[in-house]
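Participant: In terms of UniProt numbering, the sequence shown has 131 at position 131, counting the first letter as 1, and numbering is strictly consecutive. Beta carbons are placed, not taken as given, at the ideal position from N, Cα and C, and that holds for glycine. Below are the structure tokens for one structure; questions will follow.
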Amino acid sequence: MSKTVSFLQMKDGTRDDYLLLDQSERNFATGLPGRVMEALAKLDHSLEGYKVSRLEHSLQSATRAEADGADEEMIVAALIHDIGDELAPYNHAEIAAGMIRPYVRAEVTWVVEQHGIFQMYYYAHHLGGDRNARDRFRDHHWYASCERFCERWDQASFDPDYASKPLSYWEPLVRDIFGRQAHDPRYVKSAA
């Protein structure tokens, strides 16, 4: 049986309790890359209606990003950008951004977080929405980066005949990015 804290309410915790929990959290965090891979695999049986699964869409997005010369952080962003679809269909971008934020530069997080609004450019007008909702970010220094992400990788990745790389190909990169020390200033740089 594993050791547990002494308290029933957090306010009653001791230093030893919180040291135990801190170590437990650090140990648990080492498994994050594997859990990300599992979550991506589940996208193969997710939202229906497209010609490809959400997993295949993610694989195509990452494959296109790599072929386009994107850096590793942006490639992983393209791979996981829709990972929140399973549990948060109406704010999936925020979920994905929250997951990747501790491990990458601020630009990558911003692009993932805003991609849902930028994607509306391609379909919102068909549903009575504002396809130009992204224009509120027109002066943002990462606007062009998000626009490119959506135009070249995201909206273009629904082709059942596209030769995407398999999930196993991306595993080393996922393990590298999500295996980083969270909030490491070598990778996580604040907004310019």
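At what residues does the alpha helix (DSSP H) containing residue 193 begin and finish?
Facilitator: There is no way to answer for residue 193, as the model of the chain reaches only from 1 to 192.
Participant: Which residue comes first and which comes last in the alpha helix (DSSP H) that contains S58?
Facilitator: Counting along the chain, the alpha helix (DSSP H) containing S58 begins and ends at 54 to 67.
Participant: Quick check on the burial criterion: 16 or more other C-beta atoms within 10 angstroms. Buried or exposed for E38?
Facilitator: exposed
Participant: Measuring alpha carbon to alpha carbon, tell me which of M10, H92, G129 ends up nearest V111.
Facilitator: H92
Participant: Could you give the uninterrupted runs of the alpha helix (DSSP H) lying entirely in the stretch 103 to 162, keeping only those of 4 residues or more?
Facilitator: 106 to 119, 143 to 148
Participant: Would DSSP call P33 helix, strand or coil?
Facilitator: Note: P33 maps to helix in three-state DSSP.
Participant: Please report whether the beta-carbon of R131 lies at a distance below 8 Å from any beta-carbon of chain C.
Facilitator: Reference to chain C is not applicable here, since this structure consists of a single protein chain.
Participant: Between the alpha carbons of C146 and A77, how many angstroms are there, rounded?
Facilitator: 11 Å
Participant: According to the neighbour-count rule (16 or more other Cβ atoms, all chains shown, within 10 Å of its Cβ), is Q114 buried or exposed?
Facilitator: buried
Participant: Check D71 in the structure and name its three-state DSSP category.
Facilitator: The three-state reading of DSSP puts D71 in coil, since its state is none of H, G, I, E or B.
Participant: Using alpha carbons as the reference points, say which of K11, L19, N27 lies closest to G179.
Facilitator: N27
Participant: Taking the alpha-carbon positions, what's the K165 to S58 distance?
Facilitator: 10 Å
Participant: So for V188, helix, strand or coil by DSSP?
Facilitator: coil
Participant: When DSSP labels each residue in this structure, what does L87 get in the three-state scheme?
Facilitator: coil
Participant: Between the Cα of V188 and those of E107, T30, F137, spot the shortest distance and give me the residue it belongs to.
Facilitator: Looking at the Cα atoms, E107 is the closest of the given residues.
Participant: Looking at the secondary structure, which residues open and close the alpha helix (DSSP H) in which S6 lies?
Facilitator: Counting along the chain, S6 falls outside any alpha helix (DSSP H), and DSSP gives it neither H nor E.
Participant: Out of D139, Q119, L21, L167, point me to the one whose CA is closest to K42's CA.
Facilitator: L167
Participant: Determine the closest residue to L32 out of D184, H183, I177, with distance taken between C-alpha atoms.
Facilitator: Closest option to L32, Cα to Cα, is I177.
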